[in-house]
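K.L.:
Quick note: the sequence shown, position 87, residue 1322 per the working numbering, numbers continuous.
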Amino acid sequence: MIVYQLVRALIGLVSRTYWRLTIEGRENVPATGAFVVAPVHRSFIDFALVSGITRRRMRYMGKDSLWKVSLFGRLISALGAFPVRRGAADREALRRSIEVVERGEPLVLFPEGTRRFGPTIEHLFDGAAYVATRAGVPVVPVGIGGSERAMQKGKRLPRPVKIHIVVGKPLHPPMNPGGRASRRAVHELTEQLHVELQRLFEEADEKAGR
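Given below as structure tokens:
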């Protein structure tokens, strides 16, 4: 927890000075209990930026290739990250995700699965909605504007452009008797998340100065 808070403070300092990061909607982040954070994903720096929405320690699901560099892998593990095999159905990752929220911890899942390009939120994976529905916890959508311009995929150095984050109101899954997550309930929650993410992304991108 000490490591997490120190790194989070450093990220916050860099973000505010280098990217002039501003965040609105922090009041929409639950103060207690578990929830799933579902951010837009346009840049490698998104996982760091989203840590600023709450002082609470959050867990992260990350692509397994991030652990190929042992020092970096140990660092992000200390920050609460765990690997997932991208492009494959990873039951172990889903199981661990559900365990995280059932312990009352916030969990960050990028519903687009990987970094995307452009202003349109296209296909969303059902993972965030599935975990939220299965565990009976809300999904908090997050729009991040400007991060793609700050550090595009393939670039090694970030640019000092304005970044703005908008945290949306929590989306609550339907009542889930018996811990089941029906396909219909998961699909409907994913659709709601899709619409809300598009709205928040457009708002955040506009306020970032596009």
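Quick reminder that beta carbons are idealized off the backbone N, C-alpha and C, glycines included. All values reported here derive from a predicted model rather than from experimental measurement.
Give me the residue from H1399, E1431, S1417 and V1366 with the minimum Cα distance to A1269.
P.N.:
Comparing Cα-Cα distances from A1269 to each of H1399, E1431, S1417 and V1366, the minimum goes to V1366.
K.L.:
So what does DSSP say about F1352, is it helix, strand or coil?
P.N.:
DSSP places F1352 in coil when its eight states are reduced to three.
K.L.:
Ignoring anything shorter than 4 residues, give me the alpha helix (DSSP H) runs that lie fully in the region 1290-1331, in order along the chain.
P.N.:
Fully enclosed alpha helix (DSSP H) runs of 4 or longer: 1305-1313.
K.L.:
Give the DSSP-derived three-state secondary structure of E1452 in the structure shown.
P.N.:
Any property of residue 1452 remains undetermined from this structure, which presents the chain solely from 1236 to 1445.
K.L.:
Keeping to the same chain, check which residues put their C-beta closer than 7 Å to that of V1396; ignore five residues upstream and five downstream.
P.N.:
Cβ neighbours of V1396 beyond the five flanking positions: W1254, G1381, R1384 and A1385.
K.L.:
Just to confirm, are P1341 and R1261 a CB contact at a threshold of 7 Å?
P.N.:
No, they are not a contact pair.
K.L.:
In angstroms, rounded to a whole number, what distance separates the CA positions of I1246 and P1373?
P.N.:
About 26 Å.
K.L.:
By Cβ distance, which residues of its chain are closer than 8 Å to F1279, with the 5 residues on each side in sequence left out?
P.N.:
Around F1279: R1350, M1386 and K1388.
K.L.:
Relative to the C-alpha of H1460, which candidate in P1393, L1392, E1426 and H1399 has its C-alpha closest?
P.N.:
One cannot answer for residue 1460 here, as it falls past the ends of the chain, which runs 1236 to 1445.
K.L.:
For the ligand FMN, is there any heavy atom lying closer than 6 Å to the beta carbon of G1380?
P.N.:
Questions concerning the ligand FMN fall outside what the structure shown contains, since it holds no ligand whatsoever.
K.L.:
Nearest by alpha-carbon distance to R1369: which of R1251, L1424, E1347 and L1241 is it?
P.N.:
Considering only alpha carbons, the answer is L1424.
K.L.:
Under the rule that 16 or more other beta-carbon atoms within 10 Å means buried, what is G1444, buried or exposed?
P.N.:
With fewer than 16 other Cβ atoms within 10 Å, it is exposed.
K.L.:
If you drop the 5 nearest sequence neighbours on each side, which residues of the same chain put their C-beta closer than 6 Å to that of D1299?
P.N.:
So the list reads P1318 and R1320, once near-sequence residues are dropped.
K.L.:
Hey, H1276 and F1345: beta-carbon distance below 7 Å or not?
P.N.:
Yes; because the gap between Cβ atoms is below 7 Å, this pair is in contact.
K.L.:
Please classify T1355 as buried or exposed, where buried requires at least 16 other C-beta atoms within 10 Å of its C-beta.
P.N.:
Exposed, since its Cβ has fewer than 16 Cβ neighbours within 10 Å.
K.L.:
Nearest by alpha-carbon distance to P1409: which of E1438, A1364, V1375 and P1265 is it?
P.N.:
Ranking E1438, A1364, V1375 and P1265 by Cα distance to P1409 puts A1364 first.
K.L.:
Can you tell me whether DSSP reads H1399 as helix, strand or coil?
P.N.:
Here H1399 sits in strand by DSSP.
K.L.:
Taking I1379 as part of the beta strand (DSSP E), name the residues at either end of that continuous run.
P.N.:
Start and end: V1374 to G1380.
K.L.:
Decide if S1286 is buried, meaning its Cβ has at least 16 other Cβ atoms within 10 Å, or exposed.
P.N.:
It is buried - the Cβ of S1286 has at least 16 other Cβ atoms within 10 Å.
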